[in-house]
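Structure record follows, encoded as structure tokens.
This is the structure:
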């Protein structure tokens, strides 16, 4: 699972639907790899606007990266040369950082979901899938 | 040399399908398990995007964010590079294919249940669900599945394109048509795997006659073993629109393409 995707997944258990703690998930015991992807600054700037930034900071911290600013960089034009390093860094974080192994824990119900061989699995055991 | 099972075999399978107590278990045995088993082979036959799906994806505003619910091998991941989507599928085998074939793309794929999607409500610009909802084995669950997709879309602007198999497909070789039972089992014959296995069997066998008979026997056995039945609910004209409305959606557009009914739906 790519880092970017962590911003768009939460606990699927019905009882957690209304809990703010069902997102972001807490990532534990992770193994990461960097996988090169084509850099499109316009794409990254557009995604940045849609990201839940506190969740980005939280997941980055789970993965051992505490260097992100606590406030979301605003009004980032992709055409502005000044932003090119920022967008490049975000590209590396969001699209090139892949979680290959690890656990995702719901902060509300504490259910653990697993990532194995890069694939995040959100299936529920029968007693929770009703 | 058709290895398609006879009508009697299919009817017998249908009988055992009907005795399974819960819809969850029916789908587990006659949908999920089958897709996991046929994933590789199935995936090789699913690469051509359908025109209406392609058009829907191409006409999304740049940098839209969406879901592909029941994405299979991710054959729609590569249609429009200016959108971003998360694909999900109940079959881990298919998600493995999706990840393998689309590793250079920004899009991502996860294993999830369509009735328990691990996403925020009201956040996504669009969703597609192509040839998926017809695998849920009760009308209640099919409506619920549409409801789940709608719940993930942005309230006013989010749109979903949904495709389901049509009962009315008289021009296709399968010959399903009006008046037939809408709940059916469709055989999938795994030929590729079988060939491979036979080749392996030959290796190391010296005696020609022994080789012949073992291979034949093996072939016959594996042929029966490799026929997998998938459950489908074939939609009749108007039914998908009706289901979507019962799910609380407003149908913006709908039609028929390649033996399937399709709708574009949004939240009311």
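Residue numbers (UniProt numbering), protein chains in the order written: chain A, 1 to 130; chain B, 1 to 268. Even for Gly, the Cβ is constructed at its ideal location relative to N, Cα and C.
- By alpha-carbon distance to residue 117 of chain A, the top candidate from A/84, A/108, A/129, A/98 is A/98.
- Residues of chain A with a Cβ closer than 9 Å to the Cβ of residue 63 of chain B are, in chain order, 42, 43, 45, 46, 47, 49, 50.
- Here residue 33 of chain A is exposed. Its C-beta has fewer than 16 other C-beta atoms within 10 Å.
- In this structure the stretch 144 to 156 of chain B does not touch the stretch 46 to 53 of chain B; the number of beta carbon pairs closer than 8 Å is below three.
- Beta-bridge partners of residue 161 of chain B (DSSP): B/128, B/264.
- Taking 7 Å as the threshold, the shortest C-beta distance from residue 112 of chain B to chain A falls below it.
- In this structure, B/119 is the residue among B/177, B/17, B/119, B/180 with its C-alpha nearest to the C-alpha of residue 152 of chain B.
- Under the three-state reduction of DSSP, residue 99 of chain B is assigned to helix.
- With three or more CB-CB distances shorter than 8 Å, the stretch 97 to 109 of chain B counts as touching the stretch 66 to 75 of chain B.
- Of all residues in the stretch 129 to 162 of chain B, none places a beta-carbon less than 8 Å from a beta-carbon of chain A.
- When C-alpha distances from residue 59 of chain A are compared across A/124, A/102, A/123, the shortest belongs to A/102.
- Sixteen is the threshold: since fewer than 16 other Cβ atoms of the shown chains lie within 10 Å of the Cβ of residue 66 of chain A, the residue is exposed.
- DSSP places residue 47 of chain A in the uninterrupted alpha helix (DSSP H) bounded by 41 to 50.
- Neighbours of residue 2 of chain A across chain B, judged by C-beta separation under 8 Å: 106, 108.
- Taking the CA atoms as reference points, residue 33 of chain B sits about 10 Å from residue 39 of chain B.
- Below 8 Å, enough C-beta pairs join the stretch 107 to 118 of chain B and the stretch 54 to 74 of chain B to call them touching: three or more.
- Among the bridge pairs identified by DSSP, residue 85 of chain B is matched with B/66.
- Against chain B, the beta carbon of residue 97 of chain A has no neighbour under 9 Å; the closest one sits roughly 12 Å away.
- For residue 187 of chain B, the enclosing beta strand (DSSP E) begins and ends at 183 to 189.
- Taking 7 Å as the cut-off between beta carbons, the residues of the stretch 94 to 123 of chain A near chain B are 95, 118, 119, 120, 121, 122, 123, in sequence order.
- Pairing residue 41 of chain B with residue 74 of chain A, the inter-Cα distance amounts to about 47 Å.
- In the assembly as shown, residue 228 of chain B is a buried residue. Its beta-carbon has 16 or more other beta-carbons within 10 Å.
- Residue 113 of chain B is bridged by DSSP to B/116.
- Here residue 45 of chain A is buried, its C-beta having at least 16 other C-beta atoms within 10 Å.
- When B/11, B/22, B/65 are compared, the shortest CA-CA separation from residue 160 of chain B is found for B/65.
- Assignment of residue 127 of chain A by DSSP, reduced to helix, strand and coil, places it in the helix class.
- From the beta-carbon of residue 20 of chain B, no residue of chain A is found nearer than 8 Å; the closest lies around 15 Å away.
- For residue 17 of chain B, the enclosing alpha helix (DSSP H) covers residues 7 to 19.
- Annotation for residue 122 of chain B: 154, 155 place their beta carbon closer than 6 Å to its own, counting only its chain and skipping 5 residues before and after.
- The three-state secondary structure of residue 178 of chain B, taken from DSSP, is coil.
- Residues of the same chain with a CB within less than 8 Å of the CB of residue 251 of chain B, apart from the 5 flanking positions on each side, are 241, 244, 245, 263, 264, 265 in chain order.
- With 16 or more other CB atoms across the displayed protein chains lying within 10 angstroms of its CB, residue 27 of chain B is buried.
- For residue 56 of chain A, the uninterrupted alpha helix (DSSP H) run begins and ends at 53 to 62, by DSSP.
- Distance between residue 78 of chain B and residue 72 of chain A, taken at the CA atoms: about 30 Å.
- Residue range 97 to 105 is occupied by the beta strand (DSSP E) that includes residue 101 of chain A.
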